[in-house]
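Asks: Note that the protein sequences, when read in sequence, are chains A and B.
Okay, so the first sequence: first residue is 1 according to full-length UniProt numbering, each after it adds one.
Okay, so the second sequence: first residue is 1 according to full-length UniProt numbering, each after it adds one.
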Amino acid sequence: MSIFAYAPAPESRAVVDIASSYGLFIDGEFRPAAEDKVFPTHSPATEEQLSEVAHAGAADVDAAVRAARAAFGPWSALPGSERATYLFRIARILQERSRELAVLESLDNGKPIRESRDVDLPLAAAHFFYYAGWADKLAHAGFGPDPRPLGVAGQVIPWNFPLLMLAWKVAPALATGNTVVLKPAETTPLSALFFADVCRQAQLPPGVVNILTGDGSTGAELVAHPGIDKVAFTGSTEVGRSIARTVAGTRKRLTLELGGKAANIVFDDAPIDQAVEGIVNGIFFNQGHVCCAGSRLLVQESVREELLEALKRRMETLRVGDPLDKNTDIGAINSAEQLARIQELAAAGEAEGAERWSPAGCELPGQGYWFAPTLFTGVAQSHRIAREEIFGPVLSVLTFRTPEEAVAKANNTAYGLSAGIWTEKGSRILWMADKLRAGVVWANTFNKFDPSSPFGGYKESGFGREGGRHGLEAYLDV
Amino acid sequence: MPPTAPPAALADVTASDAALRRYLHGLPGVDAVGLDARAAVLGTRSIKTTAKAEAIDLAISMIDLTTLEGADTPGKVRSLCAKGVRPDPGDPGVPHVAAICVYPDMAAIAKDALAGSPVRVASVATAFPAGRAARPVKLADTRDAVAAGADEVDMVIDRGAFLSGRYLQVFEEIAAVREAAGPAHLKVILENGELSTYDNIRRASWLAMLAGADFIKTSTGKVSVNATLPNTLLMLEAVRDFRAATGRQVGVKPAGGIRTTKDAIKYLVLVNETAGADWLSPDWFRLGASSLLNDLLMQRQKLATGRYSGPDYVTVD
C-alpha cells in the first residue's frame, strides 16, 4: 500500500568465504581440539549452520596459555614503537577487510549489516589505531616512568559485539606488552577466528594472540588456569560473580564489564525529535543486546503523552528482518536461549500489570529467532522488567516529576553502567551527571562510543575501565 | 482557497508580538548533532531495482524545474517549458515535471509556453532573493506574478526582521503576500542558510505555516548553504507536527544543490520515514532543481536499458 516500498537490498554473502570447519588458533597455527570435540555455529536469522568449530578443553587451554607465556618475554621486550607497528597493521587490515568481516558478523550474530558496517567494524579498527598510538608513549600515561605489562591475559568476551569486544580487549593488552588467550562466545565464534587470520596476515609473532573457541566450560578452564596473570571478562553479572570467586585469593588481576539497566531520562524541555531517536537508538540498537542499553525510559510526566506518541510513531517505521539487507534496522535475536529469556521477561511484564505495545504492522520472519520491538507502559519500579536486564528490544517506560525523583529512580538499580539525559538546559545536565551512579552518562545522545573514552560500570555492572588512557591501567602492573 | 488566518486552535498565538515570541520559543529545541545523525542514517538507505525506478519517476514528477538567472530570456524559458512537459523526447512514459519556476517577468512567457499542459507556472516574488524591498513593492511584485499567470508564488521571508526577533512583522508580511497571491499556491522560502540555527529553522517553519503558507521552502539557491538533508528533515518534522496540531497539511520544498538521482532519492526517503506517505506526491513535496532532471533521466535510461547513455543523450534544456 505504501507509495514507496523499498525493494530488498541485500549485501552480498559472496564477499566472505566461511570454511566448513575451524580449529583452535594456538601459537600462530590452527589445530583441532585435543579431544577432537567440535560444535556447530548457526545464523540466528535462518538457523542455517554456518560452520563447525573446535571445542577447546583443559589440554587446549593449557597449550594456549603456554604459547602465550613463551611469547610474552620477547613481545614485552620489543620497543613500544615496534609493537605499535603490528597494531597499526592489524587496524589497517581490519579496514581493508571490513566488508568481509561485516558480512561475517551479521551472519553469525544476526545484527543488521548497517550496524556491523557502520559501527562494529569502524570502531574495532579505531580501537587498534588508538592503542597503537599509546604503545610507545606508556611512560607518559601517568603510571610511572616505565610501567610493566602483567603477563598473559585470559579474555572472555560476549556475543553481542563479537569483533568489537575482541578489539576492546586485545588492543590495549598488546599495546602494553601483554600476550593474550581469548575465548569468543559460544554462539559467535567466527569473527574471532577470522581475526586470527588477520593476526597472521599482520605477521604478529606466534603465541601473542591465541583464540580458543568453546562454551562456558572452556571459559571457566581459562580463568582458572594458574598460568594467567590477568582476567578480563565482559558478559553477564552471574558469570562475572563466578569468575570473581575463581580468581579470589590468587595473584590474578581482574576487570569485569557486566550487565546494566540504564535509565534514559527525558525532561520536558528536551529536544523531542532527537530524544525519540536517542531512545530508539538506546534500546533497539543491536536488538537491545547491549549491556549499556537504555532499557528504562524515565520521562517527565508533563511530556509523557507527547513523547510516547512520537516514540510509537517512530517505532512503526523500524524495519525488522534480514540482517544482510542494508535497510534493516533490527535483526535477529542471537540465540534460541536468549529469545526464550526475552519472551519470559516480557510475559512477566504483562503478568505484573504493565501494558505491552509493539508496532501493529511488524511482521517477523518464520525461520530464525525474532522479537518485535516492544514498549511497556505503566511500569512500576518494582516490576521485574524495570529491575532485571532483558538484553533484548524491550523498553520499560516509567515517569518522574522532579529532577530529584529522576535521579532517585535512575540510581535505584543494582547496576550502574550508563545513563542518558535529555534536556536543553546545560546546568541540569551537569547537576544530573554528578549524581547519577553510572560509569557513562550521555547528554542528548546515547550509545555513542569512542576509543578515547573510558567505559565501565559501578555496582553490579562491574569494575575496571576499558578505552582511553584509563583502559591501559587494566593491563599494566601499577 | 487555503485559510489566511491561523488555524483556530492557534489563533491566540499571533495576537501580539509577545504571544508569538512565547509560542515560537516554546517549540521543542533541536539538538544539532542528533538531527545531523538521523539525516545521515536515513541517507544510507539503499534504494534499488523496482524501488529505484518508482523513486526516479516520483522525483521527476516533483521537480520545480527552475531557471532564475539575470540572463534568462524568453527563448530560454520556452525551451525549459518544453523540456518540463516532455522531459525525454524519446520516451513518452517519462512523467512531466510539477512546475516551471521563473522570475515574475518570465511568468507570462512560461504560462503561454505551458498552455494546455498540466505543468504549473511558479514564479518567485517579493524582491527575490534578498527580499530587501518595501512591503508595497513586494506585494506589487506578487500581484504582478499572479496576473501574469503564475499558479504558484515562491516568496522570501524578511530574514532581517526574523533574526532581530520581529516575528509579528514577518508573520504579517507573509499573511499580506498570502492575500495578494489570491488563488495562487504560496511557497514561503525561509532561506535556511541565513537563519543559521536549526532552532531558527523550526521557528520560521511554524511562523510561515501559521501565516498561511501552502508550502515551506528551504532556500533560494542563491546563498552558500541551501537545501541539506538535516534542514529538510527538520522542516518535514514541522509540517508533520503542524498537521497533528491543526489538521492542515503543508508541503515542503527543498531547493538548491540537489543535483543527482542519489541525492533526490535520499530526500524521498526522508519524506517517507518522517512525514510519511501522505507527503509523497507533487501536491505536497517538490524538489527545486535544474540539473537534477537530466541525471534522473540518465539513471532512468540506465535502469531501462542496462547501459549508461551519457549527457549527449538527454537535452540540455
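Glycine included, each C-beta is placed from N, C-alpha and C at the ideal position.
1. Determine, for A/PHE285, whether the minimum Cβ-Cβ distance to residues of chain B falls below 8 Å.
2. Taking A/ILE421 as the reference, give the member of A/GLN300, A/GLY288, A/VAL379 with the closest Cα.
3. Measure from the C-beta of B/GLU273 to each C-beta in chain A and report whether the shortest distance is under 8 Å.
4. The alpha helix (DSSP H) that contains residue 324 of chain B, what's its start and end?
5. Report the CB separation of B/CYS101 from B/ASP64 in whole angstroms; it is logged as a contact under 8 Å.
6. Would you report the Cα separation of B/ALA181 and B/ALA147, rounded to the nearest angstrom?
7. At 7 Å on the CB atoms, spell out the chain A contacts of B/LEU268, in chain order.
8. Measuring CB atoms only, is the region 276-294 of chain B touching the region 325-334 of chain A, in the sense that at least three cross pairs come out at less than 8 Å?
9. Under 7 Å, CB to CB, which of the residues in the region 28-44 of chain B have a partner in chain A?
10. Smallest Cα separation from A/TYR458: which of A/ARG148, A/GLN338, A/ALA91, A/GLY259?
11. In whole angstroms, what separates the C-alpha of A/LEU190 from that of B/THR261?
12. Just mark B/PRO2 as buried or exposed, buried being the case when its beta carbon has 16 or more other beta carbons within 10 Å.
13. For A/LYS37, count neighbouring Cβ atoms within 10 angstroms of its own Cβ and tell me buried if that reaches 16, exposed if not.
14. Got a sec, what are the start and stop residues for the alpha helix (DSSP H) B/ASP199 sits in?
15. Can you check whether the C-beta of B/ALA9 is within less than 8 Å of a C-beta belonging to chain A?
16. Should B/LEU210 and B/VAL13 be called a contact, given that it needs their Cβ atoms to be closer than 8 Å?
17. Could you list the residues in the region 76-110 of chain A with a C-beta less than 9 Å from some C-beta on chain B, going in chain order?
18. Out of B/VAL119, B/ALA275, B/VAL316, which has the shortest C-alpha to C-alpha gap to A/GLU316?
19. So that I know if they touch, is there some Cβ in chain A lying closer than 8 Å to that of B/LYS302?
20. DSSP three-state label for B/MET1, please.
21. Jot down the residue ranges of each uninterrupted beta strand (DSSP E) in the region 350-426 of chain A, minimum 3 residues, whole runs only, in chain order.
22. Kindly indicate which three-state DSSP category A/GLN203 falls into: helix, strand or coil?
23. Under 8 Å between the Cβ atoms of A/TYR86 and A/LEU182?
24. Should B/TYR308 be labelled buried (16 or more other beta-carbon atoms within 10 Å of its own) or exposed?
25. Say whether the region 143-159 of chain B touches the region 115-130 of chain B, bearing in mind that this needs 3 or more beta-carbon pairs closer than 8 Å, one atom from each stretch.
26. Can you name the residues of chain B whose CB is closer than 7 Å to the CB of A/ARG304?
27. Sorted by chain position, which residues of the same chain lie with C-beta nearer than 7 Å to B/GLN299's C-beta, five sequence neighbours on each side aside?
28. Quick check on B/ASP278: does DSSP put it in helix, strand or coil?
29. With respect to the alpha helix (DSSP H) encompassing B/LYS52, which residues constitute its N-terminal and C-terminal limits?
30. Check the Cβ-Cβ distances between A/THR317 and every residue of chain B, and say whether any is below 8 Å.
31. Could you work out which residue in B/TRP284, B/LEU287, B/GLY149 is closest to B/ILE109 when comparing CA atoms only?
32. For A/LYS448, is the classification buried or exposed, using 16 other Cβ atoms within 10 angstroms of its Cβ as the cut-off for buried?
33. Please report whether the beta-carbon of B/THR246 lies at a distance below 8 Å from any beta-carbon of chain A.
34. With the cut-off set at 8 Å, would you say A/GLY456 and A/GLY468 are in Cβ contact?
35. Who are B/MET155's beta bridge partners in DSSP?
36. Determine, using beta carbons only, whether B/PRO87 and B/VAL94 come nearer to each other than 8 Å.
Replies: Short version:
1. no
2. A/GLN300
3. yes
4. Absent from the structure is residue 324 of chain B, since the part of chain B shown begins at 1 and ends at 317.
5. 4 Å
6. 9 Å
7. PHE4
8. no
9. PRO28, GLY29, VAL30, ASP31, VAL33, GLY34, LEU35, ARG38, THR44
10. A/GLY259
11. 38 Å
12. Unreliable placement is indicated for B/PRO2, whose pLDDT of 44 sits below 50; no coordinate value is reported for it.
13. exposed
14. 198-210
15. no
16. yes
17. none
18. B/ALA275
19. no
20. Confidence in B/MET1 is poor, its pLDDT being 40 and thus under 50, which makes the residue's placement unreliable; the coordinate value appears in the next sentence. Correct three-state label for B/MET1: coil.
21. 355-357, 374-377, 394-400, 418-422
22. coil
23. no
24. exposed
25. yes
26. Simply none; closest approach about 14 Å.
27. ILE56, THR261
28. helix
29. 49-61
30. yes
31. B/GLY149
32. exposed
33. no
34. no
35. B/VAL188
36. yes
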